[in-house]
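A quick write-up on the structure given underneath.
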Amino acid sequence: GNSVTQMEGPVTLSEEAFLTINCTYTATGYPSLFWYVQYPGEGLQLLLKATKADDKGSNKGFEATYRKETTSFHLEKGSVQVSDSAVYFCALSGAAGNKLTFGGGTRVLVKP
Amino acid sequence: NAGVTQTPKFQVLKTGQSMTLQCAQDMNHNSMYWYRQDPGMGLRLIYYSASEGTTDKGEVPNGYNVSRLNKREFSLRLESAAPSQTSVYFCASRTGQENSPLHFGNGTRLTVT
Chain C
1314 GNSVTQMEGP VTLSEEAFLT INCTYTATGY PSLFWYVQYP GEGLQLLLKA
1364 TKADDKGSNK GFEATYRKET TSFHLEKGSV QVSDSAVYFC ALSGAAGNKL
1414 TFGGGTRVLV KP
Chain P
113 NAGVTQTPKF QVLKTGQSMT LQCAQDMNHN SMYWYRQDPG MGLRLIYYSA
163 SEGTTDKGEV PNGYNVSRLN KREFSLRLES AAPSQTSVYF CASRTGQENS
213 PLHFGNGTRL TVT
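Below you can see the structure in the form of structure tokens.
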């Protein structure tokens, strides 16, 4: 079946540092890939997505590139802010549609 | 624009009690989902409804039932709560197209003592 593996946290950074969160997946067919973000006390929100190989999703300074050869979708941001402190989830939507499979989440804490 | 609305926000139950978690979306989405979120385990799918009139089991359906009341509403019922069901429950919806993102509610924090 489909699965998503992402690095465990917490990841603690200083403001303006570079952030990378690794995500790899196992899936049949050609899944779509997503990053969601969860701020404290809230539900998850879509951060970015990519629907085919070599696509780059971007939003709010975050980027992730769909790498089919390495089955990866790593999230990066060049200069984090305190407001980026949240839990980040990698997810995939398989060719069968409808169901998303989530990774375990990575907590990121950005200190001033 | 309300999006996905869940009620209640918090609930404490005793073992063996029953309750229903309510979810409604106002985005005319076809598909709706119930997830639970536990520390270190990410989100796990309990049940989903691909379209009005259909429901299917997810990864962890035992101990739960669902009802897709109409296109807007999708409820989750615990018939006899157990401490293992202590969790944060999220309802989500999407259009149903393969690449469409999920829209989440703000969650229900349930404690079973």
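For the protein sequence lines, the chains are C and P, in the order given. In this text, residue positions in the first sequence follow the working numbering: the first is 1314, and each later residue adds one. In this text, residue positions in the second sequence follow the working numbering: the first is 113, and each later residue adds one. Just so it is clear, CB atoms sit at the ideal spot from N, CA and C, and this is done for glycine as well.
Residue contact with chain C for Leu157 (chain P): present (Cβ-Cβ distance below 8 angstroms to some residue of chain C). Two segments are said to touch when three or more pairs of C-beta atoms, one from each, lie closer than 8 angstroms; by this definition the stretch 125-136 of chain P does not touch the stretch 1342-1357 of chain C.
Between Thr167 (chain P) and Tyr159 (chain P), the C-beta spacing is below 8 angstroms. Counting other Cβ atoms within 10 Å of its Cβ, Leu1332 (chain C) reaches 16 or more and is therefore classed as buried.
Between Asp1368 (chain C) and Gln123 (chain P), the alpha-carbon positions lie close to 42 angstroms from each other. Counting only unbroken stretches of 4 or more residues, no alpha helix (DSSP H) element lies wholly within the stretch 141-170 of chain P. Under the criterion of beta carbons closer than 8 angstroms, Thr1419 (chain C) and Val1400 (chain C) qualify as touching, at roughly 7 angstroms. According to the DSSP secondary-structure assignment, Ser205 (chain P) is paired through a beta bridge with P:Met144 and P:His215. Taken through DSSP and simplified to helix, strand or coil, Ser1396 (chain C) comes out as helix. As a beta-bridge residue in DSSP terms, Ala1404 (chain C) pairs with C:Phe1347 and C:Phe1415.
Collapsing the DSSP output to three states places Gln129 (chain P) in coil. Of the candidates P:Glu185, P:Leu157 and P:Phe186, the residue whose Cα lies closest to the Cα of Asn174 (chain P) is P:Leu157. The Cβ atoms of Arg206 (chain P) and Ser163 (chain P) lie no closer than 8 angstroms to each other.
Secondary structure note for Asn1372 (chain C): its beta strand (DSSP E) is the uninterrupted segment Lys1369 to Asn1372. One finds Asn211 and Pro213 in chain P with Cβ atoms closer than 8 angstroms to the Cβ of Lys1362 (chain C), taken in chain order.
Put simply, the CB of Phe1415 (chain C) is near chain P, with a gap under 8 angstroms to one of its CB atoms.
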